[in-house]
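So the structure is just underneath, and the comments pick up after that.
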Amino acid sequence: MTKQEVAFTDYFDVLCDTLSSGGALLVSLNDEGVPNAMTIGWGLVGVAWGRPVCAVLVRPSRYTYGCIEATEDFTVNVPPEELSKEVAFCGSRSGRDYDKFQHCGFTATKSKHVQSPGIAECLITYECRLVQKNDVEPKHFIDDIIDRFYAEGDFHRVYYGEILATHADVARLQAPR
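To convert, note that position 90 of the sequence shown is 1104 in our numbering; the numbers rise steadily by one, no gaps.
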């Protein structure tokens, strides 16, 4: 599981496939420095403000919301298929009630540029420093998005993180599947 630094655009297809299938893992630290992983199925990677950026959406009701607010950074981790049960667990339980790293057997890896760790068992890790955040505005949505995703009114905050480094397990990513 040796990762090497790669361009943030490398393996973009793997990130997109993961987001649209089982989900990626968003990691941040709580106020005691304990890492928390939350499953995400929505995210954007691109260029904004002349920087590589990863945007993630987190509802204020989520434990991760307070973690990102406190640390002002996060990592996005792309898990292999064999971690599907762990990804499902992280998407259905709160870090308020569980130490997800311990429960799932994740190994926290020290990041080079941010406080929040990566997950050693994942294929790709994006290290992101918060550069902008804003709350989605209900008045700017079409009705079917409100009806489908915000019926209870828990609107997301969008966190834009400058991607400071991307690490990938190139050997595993290039292996035949």
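Where is the CB? At the ideal position from N, CA and C, for every residue including glycine.
Among the options, nearest to residue i - alpha-carbon criterion
i	options	result
D1024	R1186, T1180, A1185 and A1189	T1180
N1050	D1168, Y1173, L1039 and L1033	L1039
G1109	L1033, P1093, C1081 and S1130	C1081
G1175	R1076, E1046 and E1083	E1083
F1120	C1068, R1076, G1132 and V1020	G1132
Q1146	F1088, D1027, E1019 and T1016	F1088
Y1173	Y1079, H1117 and P1152	Y1079
L1097	L1058, F1022 and G1037	G1037
S1042	R1065, V1090, R1073 and G1105	V1090
For residue i, the three-state DSSP class (helix, strand or coil)
i	result
D1168	coil
A1021	coil
R1110	coil
S1130	coil
V1101	helix
A1189	coil
K1147	strand
V1061	strand
P1066	strand
T1121	coil
I1082	helix
T1032	helix
P1152	helix
CB contact below 7 Å: residue i versus chain D
i	result
D1157	In summary, chain D is missing from the structure at hand, where a single protein chain is found.
For residue i, the residue or residues it bridges with in DSSP
i	result
E1141	T1089 and A1179
Y1174	A1069 and Q1146
V1044	Position check: residue 1044 holds Asn in this sequence, whereas Val was assumed. For N1044, which the question treats as bridged, DSSP gives no partner whatsoever.
Sequence-distant residues of its chain with Cβ nearer than 6 Å to residue i (five each side left out)
i	result
L1178	H1127, E1141 and R1143
G1055	L1033 and G1037
Cβ shell of residue i (< 8 Å), same chain only, five flanking positions each side left out
i	result
Y1164	P1152 and F1155
P1094	E1135, C1136, L1137 and R1186
D1168	R1073, P1074 and S1075
Sequence-distant residues of the same chain with beta carbon closer than 7 Å to residue i, five excluded per side
i	result
F1026	V1059
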